[in-house]
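Following the UniProt record's numbering, the numbering of the sequence shown begins with 1 at its first residue and continues without gaps. The beta-carbon is built from N, C-alpha and C at its ideal position, and this holds for glycine as well. Accompanying notes for the structure given below.
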Amino acid sequence: MSWLFVLFFAFSACDNDDDLLTDRNWQLTWSDDFDGPAGQLPDASNWVLETGRGPNGDGWGNAELQYYTDRPENVSLDGNGNLAITARRESYAGAPYTSARLKTQGRFEQAYGRFEARIKMPWGPGIWPAFWMLGASIETEPWPQCGEIDIMEYRGQEPNIIHGSVHGPGYSGGSPITKSYALPDGRFDTDFHVFALEWGEGFLNFYVDDVVYQQIREEEVGNIIYRESSTGDSRAEWVFDQPFFMLLNVAVGGNYVGFPAQETTFPQTMLVDYVRVYREAN
């Protein structure tokens with residue numbers, strides 16, 4: 001097993017207006033508004049429900065505690081136009097919690113454009129919701145070579161803060177390129193908010209409610225020098241030039257958030273009003 005050490009990186013502030021896409025002419029390419037009767041599973045033509053504790057049974061590589069199921073108790077429409085992903089404290093298949101994880105892999109994948117979801121968070125230490133993306137090449141190029149874009153990650157113990165991150169060769173695991181955004185007023189678990197990524201050739205912009213808080217550029221990623229024990233110094237790679245698929249999940253516990261605390265009540269539900277994807281119109 002090789003080890004990785006990041007030696008240097010530097011990123012500019014969010015001041016590159018040339019790469020802001022918000023005012024572009026967007027064309028909707030994919031959407032799910034989660035309309036339907038309460039208790040119905042999400043549209044199988046849009047989403048794949050992943051089950052289990054990860055390919056190696058190790059909590060999805062993060063020591064997560066939940067078992068993902070495809071039961072309506074963990075993932076279903078709520079009858080009010082939302083998808084409900086619910087984490088529960090219950091013994092199931094050897095795990096102490098259950099929850100759900102959905103992906104569009106094999107259903108919808110796209111490079112470049114605007115990817116957004118309107119979400120209301122759960123709350124509680126040890127609760128870990130996310131709206132994120134993985135490179136469609138993951139079957140032939142394992143993580144992190146395939147790339148990962150975390151449009152929104154949230155620690156349940158920090159109800160007014162979300163994080164946006166990217167992972168790739170030279171900036172992965174515990175050393176991603178990341179930035180947090182704090183709500184100026186209120187909490188993410190008391191109302192819906194729109195989390196978005198605008199992605200163009202050579203750049204990624206992260207938004208909360210149309211406020212850009214992070215811009216990542218290909219040339220800046222190229223400044224990262226990292227060291228692997230097997231190969232020595234290497235330069236980080238930009239891998240965000242291929243189609244990606246989307247994921248939604250609520251994890252419980254794990255390296256990122258720690259164990260649920262005594263004050264964390266269950267069930268905990270993330271509500272998703274919609275997910276929409278756009279491409280810039282010609």
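Query raised in the report: Between Met-133 and the rest of its own chain, which residues show a CB-CB distance below 6 Å, the 5 nearest in sequence each way excluded?
Result: Translated into the one-based positions of the sequence shown, residue 133 becomes position 133. Result list for Met-133: Ile-149, Phe-244 and Met-246, in chain order.
Query raised in the report: Based on the DSSP secondary-structure assignment, which residues constitute the bridge partners of Asn-249?
Result: For the purposes of this step, residue 249 is taken as residue 249 along the sequence shown, with counting starting at 1. Residue pairing by DSSP places Asn-249 opposite Arg-101 and Ala-130 in a beta bridge.
Report task. Give the DSSP bridge partners of Met-152, in chain order. Result -> By one-based count along the sequence shown, residue 152 stands at place 152. For Met-152, DSSP records a beta bridge to Phe-131.
Requested in this report: Give me the Cα-Cα distance between Val-272 and Asp-233, rounded to the nearest whole angstrom.
Outcome: Here residue 272 is taken as the residue at index 272 of the sequence shown, counted from 1. Here residue 233 is taken as the residue at index 233 of the sequence shown, counted from 1. One alpha carbon belongs to Val-272, the other to Asp-233, and they sit about 42 Å apart.
Report task. Report all residues from its chain with a CB closer than 8 Å to the CB of residue 326; omit the five preceding and five following residues, and keep chain order. Result -> This structure leaves residue 326 out entirely; the chain is present only between 1 and 282.
Query - Where Ser-99 falls, given that 16 or more other Cβ within 10 Å makes a residue buried - result: Working through the sequence shown from its first residue, we reach residue 99 at position 99. With 16 or more other Cβ atoms from the protein chains shown falling within 10 Å of its own Cβ, Ser-99 counts as buried.
Query raised in the report: Cα-Cα, which of Met-270, Lys-179, Ala-281 and Trp-123 is closest to Glu-158?
Result: Within the sequence shown, the letter at position 158 stands for residue 158. It is Trp-123 whose Cα lies nearest to the Cα of Glu-158.
Query - C-beta atoms of Gly-254 and Asn-56 nearer than 8 Å - result: To locate residue 254, count along the sequence shown from 1; it is residue 254. To locate residue 56, count along the sequence shown from 1; it is residue 56. Inclusion of Gly-254 and Asn-56 in the CB contact set at 8 Å is not warranted, their separation being larger than that value.
Report task. Determine which residues share a DSSP beta bridge with Met-121 and list them. Result -> The residue given as residue 121 occupies position 121 in the sequence shown. In the DSSP assignment, no residue is bridged to Met-121.
**Report entry** Limits of the alpha helix (DSSP H) - the one that residue 297 falls within
**Finding:** There is no way to answer for residue 297, as the model of the chain reaches only from 1 to 282.
Report task. From the DSSP output, in three-state form, read off Ala-63 for me. Result -> In the sequence shown, the residue the question calls residue 63 occupies position 63. DSSP, reduced to helix, strand and coil, places Ala-63 within a helical segment of the structure shown.
Query raised in the report: Are at least three pairs of beta-carbons, each pair with one atom in the region 211-228 and one in the region 84-98, less than 8 Å apart?
Result: The region 211-228, when compared against the region 84-98, does not touch it at the 8 Å Cβ threshold.
Query raised in the report: Near Phe-192, which residues of its chain fall below 8 Å by C-beta distance, leaving aside the five closest residues on each side in sequence?
Result: For the purposes of this step, residue 192 is taken as the residue at position 192 of the sequence shown. Taken in chain order, the residues that qualify are Arg-118, Ile-119, Lys-120, Leu-271 and Asp-273.
Query raised in the report: On the three-state DSSP scale, how would you describe Ile-138?
Result: The sequence position of residue 138 within the sequence shown is 138, counting from 1. DSSP places Ile-138 in helix when its eight states are reduced to three.
Query raised in the report: Between the region 259-269 and the region 160-180, do three or more beta carbon pairs fall short of 8 Å?
Result: Because the criterion of three Cβ pairs below 8 Å is not met, the region 259-269 and the region 160-180 do not touch.
Query raised in the report: According to the neighbour-count rule (16 or more other Cβ atoms, all chains shown, within 10 Å of its Cβ), is Asp-58 buried or exposed?
Result: Indexing the sequence shown from 1 puts residue 58 at position 58. Exposed, because fewer than 16 other Cβ atoms sit within 10 Å of the Cβ of Asp-58.
Query - Cβ-based burial, Gln-242 [other Cβ within 10 Å; buried from 16] - result: Along the sequence shown, one-based indexing puts residue 242 at 242. Of the residues assessed, Gln-242 falls on the exposed side of the cut-off, its CB having fewer than 16 other CB atoms within 10 angstroms.
Query raised in the report: If you compare alpha carbons, which of Leu-65, Ile-151 and Gly-174 is closest to Phe-131?
Result: Counting from one through the sequence shown, the residue named residue 131 turns up at place 131. Selected option, being the one with the closest Cα: Ile-151.
Query raised in the report: At what residues does the beta strand (DSSP E) containing Val-275 begin and finish?
Result: Position 275 of the sequence shown, counting from 1, holds the residue named residue 275. Note, Val-275: beta strand (DSSP E), 268-280.
Query raised in the report: In the DSSP assignment, what are the bridge partners of Arg-88?
Result: Your numbering for residue 88 matches position 88 in the sequence shown. As DSSP reads the structure, Arg-88 sits in a beta bridge with Thr-98.
Query - Assigned exposure category for Leu-28 - 16 Cβ within 10 Å defines buried - result: Here residue 28 refers to the residue found at position 28 when the sequence shown is read from its first residue. Burial call: exposed.
Query raised in the report: So Glu-50 and Arg-101 are in contact, right, with Cβ under 8 Å, and what is the actual spacing, rounded?
Result: For the purposes of this step, residue 50 is identified with residue 50 of the sequence shown, where counting begins at 1. For the purposes of this step, residue 101 is identified with residue 101 of the sequence shown, where counting begins at 1. The C-beta separation of Glu-50 from Arg-101 comes to about 5 Å, placing the pair in contact by the 8 Å criterion.
Query raised in the report: Taking buried to mean at least 16 other C-beta atoms within 10 Å of its own C-beta, is Glu-263 buried or exposed?
Result: Working through the sequence shown from its first residue, we reach residue 263 at position 263. With fewer than 16 other Cβ atoms within 10 Å, it is exposed.
Query raised in the report: Skipping 5 residues on each side, what residues in its chain have a beta carbon closer than 8 Å to that of Glu-109?
Result: Counted from its first residue, the sequence shown places residue 109 at position 109. Cβ within range, chain order: Ala-136, Pro-243, Phe-244 and Phe-245.
Query raised in the report: First and last residue of the beta strand (DSSP E) that includes Val-211?
Result: Start at 1 with the first residue of the sequence shown, and residue 211 comes out as number 211. Taken as a continuous stretch (DSSP letters only), the beta strand (DSSP E) holding Val-211 covers 211-217.
**Report entry** One or two residues paired with Arg-114 in a DSSP bridge
**Finding:** Translated into positions along the sequence shown, residue 114 becomes position 114. According to DSSP, Arg-114 bridges with Glu-198 and Tyr-278.
Query raised in the report: Quick one, are the C-beta atoms of Gln-66 and Val-252 less than 8 Å apart?
Result: Numbered from 1 along the sequence shown, position 66 holds the residue referred to as residue 66. Numbered from 1 along the sequence shown, position 252 holds the residue referred to as residue 252. The answer is yes: Cβ separation under 8 Å.
Query raised in the report: Cα separation between Val-48 and Ala-84?
Result: Your numbering for residue 48 matches position 48 in the sequence shown. Your numbering for residue 84 matches position 84 in the sequence shown. Roughly 15 Å between the two C-alpha positions.
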